[in-house]
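Peer 1:
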Amino acid sequence: MAAVRRIALVGEECVACGCCERVCPRQAVAVLHGVRAKVDGARCVGCGMCAAVCPAAVIRMEERGESHA
Ligand code: SF4
Ligand code: SF4
212 MAAVRRIALV GEECVACGCC ERVCPRQAVA VLHGVRAKVD GARCVGCGMC
262 AAVCPAAVIR MEERGESHA
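Numbering (my numbering), first residue to last: 212 to 280.
If you want it as structure tokens, here you go:
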């Protein structure tokens, strides 16, 4: 079974800067209510751009099993 990379938010230190939302090519992460980023793992293609720009280092890429979708 092939593993795929998906975004995961870790910790509570998101500063709601919106950097992740601006770089994501799939609209898989967005800041809700100006408070905290929220992810949609089904849309994420695992490019890692959000993790690269996050100033609070609360985004990690996780290896997951291939979905059956
Ligand atoms: S890894 Fe890429 S596709 Fe997934 S949420 Fe981050 S920027 Fe978007
Ligand atoms: S880039 Fe990081 S700190 Fe900024 S909104 Fe996204 S998760 Fe939060």
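Glycine included, C-beta positions come from ideal geometry on N, C-alpha and C.
Here the structure is a predicted model, which is why all the values come from computation and not from measurement.
When you measure from the CB of I270 to every non-hydrogen atom of ligand 2, does any distance come out below 6 angstroms?
Peer 2: Locating residue 270 in the sequence shown gives position 59, counting from the first residue. Under cutoff, so the answer is yes.
Peer 1: Answer yes or no: do V240 and V250 have a C-beta to C-beta separation smaller than 7 angstroms?
Peer 2: Start at 1 with the first residue of the sequence shown, and residue 240 comes out as number 29. Start at 1 with the first residue of the sequence shown, and residue 250 comes out as number 39. The answer is yes: Cβ separation under 7 angstroms.
Peer 1: For H244, tell me which candidate among C228, G222 and R217 has the shortest Cα-Cα distance.
Peer 2: Position 33 of the sequence shown, counting from 1, holds the residue named residue 244. The option with the nearest alpha carbon to H244 is C228.
Peer 1: Just curious, the alpha helix (DSSP H) that E232 is in, first and last residue?
Peer 2: Residue numbering aside, residue 232 sits at position 21 when the sequence shown is read from its first letter. Segment C230 to V234, the alpha helix (DSSP H) holding E232.
Peer 1: Under the three-state reduction of DSSP, which class applies to A241: helix, strand or coil?
Peer 2: On the sequence shown, residue 241 is found 30 positions in, with the first residue counted as 1. Strand, per DSSP.
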